[in-house]
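What follows is a single structure, written as structure tokens, with notes after it.
In our numbering, the protein residues as written are 373 to 568.
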């Protein structure tokens, strides 16, 4: 696990820091001024819709997720997310199926003047509604005793949240592909997707 961290996460953090330092040198407006402009009347005219379709997969959890929101400038995107999670419970064995919803914020750190490649940092938080649980109980046929193996039940609400850093490659206009690791409350793995 440590080797995975050193091989993937540290290089991404280093590239993001390098890109951020380069951007800060060339950026004319300060950090706060950039945010004020983005939400000003004039800045809101530049907002454009942005959607992504992504799939994340980890050791026990996988989920297709769609997001829809607004790209407020070349560097920042706010969006709502909706997904269908499946968490495999090894000791049961069983599955917990959830419908996830939440908000996401993505920050791009462009590499180069043409902005084809970028490192990004995607943070999201929300809730997952458990709509189905399989393998919740185990019945011992010898004693006819039933044991509960999975605590969650249909109707439960769980907190979801995570960080998805990665690399984005712009293909045409705003059509882009992206991939990277996923570090979340319910998943440690990777994600891949397309945005437009």
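Built from N, CA and C at the ideal position, the CB exists for glycine as well.
Boundaries of the alpha helix (DSSP H) harbouring residue 414: 413 to 416, taken from the DSSP string.
Around the Cβ of residue 490, a 10 Å sphere holds 16 or more other Cβ atoms; the residue is buried. Within the DSSP bridge table, the entry for residue 493 names 479 and 537 as partners. When the beta-carbon positions are compared, residue 502 and residue 530 come within less than 9 Å of each other. Three or more beta-carbon pairs drawn from the region 411 to 429 and the region 437 to 452 are found closer than 8 Å, and the two stretches are therefore classed as touching. Distances from the alpha-carbon of residue 544 to those of 538, 568 and 554 put 568 closest. Sixteen is the threshold: when 16 or more other Cβ atoms of the shown chains lie within 10 Å of the Cβ of residue 494, as they do, the residue is buried. Boundaries of the beta strand (DSSP E) around residue 429: 420 to 430. Contact check between the region 509 to 516 and the region 533 to 541: fewer than three CB pairs, one atom from each, fall below 8 Å, which does not count as touching. Checking the DSSP bridge columns, you'll see residue 511 partnered with 518. Cβ-Cβ separation between residue 475 and residue 497: approximately 6 Å, consistent with a contact (criterion under 8 Å). Shortest Cα-Cα distance from residue 518 to any of 525, 509 and 432 involves 509. Counting only residues of its own chain and dropping the five nearest sequence neighbours on each side, residue 548 has a CB closer than 8 Å to the CB of 540, 541, 542, 566, 567 and 568. If you look at residue 553, you'll find it in the beta strand (DSSP E) that goes 547 to 556.
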